[in-house]
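Q: Dropping a structure here in structure tokens format, bear with me for questions.
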Amino acid sequence: RIRKLQYIAELEKNVSSLQMEVSTLTPQVSFLDHQRVLLNVDNGVMKQRIAALAQ
Numbered sequence: 052r053i054r055k056l057q058y059i060a061e062l063e064k065n066v067s068s069l070q071m072e073v074s075t076l077t078p079q080v081s082f083l084d085h086q087r088v089l090l091n092v093d094n095g096v097m098k099q100r101i102a103a104l105a106q
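Here the numbering used here = 1-based position in the sequence shown + 51.
The following block contains the structure:
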């Protein structure tokens, strides 16, 4: 019985730790996703310029 309670306490500690990690990483993921969108736009512009120069 005590072992089960210790196991549950450890799991709850892990959940708390992982929730903190998620709250830290979520803004970073959002920022990097926004950067990816901007870089894709820049990439498209550069591809158009290259295509125009190749003609």
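Beta carbons: idealized from backbone N, C-alpha and C, even for Gly.
Out of curiosity, what's the CA-to-CA distance linking Leu69 and Asn94?
A: 35 Å
Q: Could you tell me the distance, in whole angstroms, from the CA atom of Glu61 to the CA atom of Glu72?
A: 16 Å
Q: State the DSSP-derived secondary structure class of Arg52, mapped to helix, strand or coil.
A: coil
Q: Indicate the three-state DSSP secondary structure (helix, strand or coil) for Gln79 in the structure shown.
A: helix
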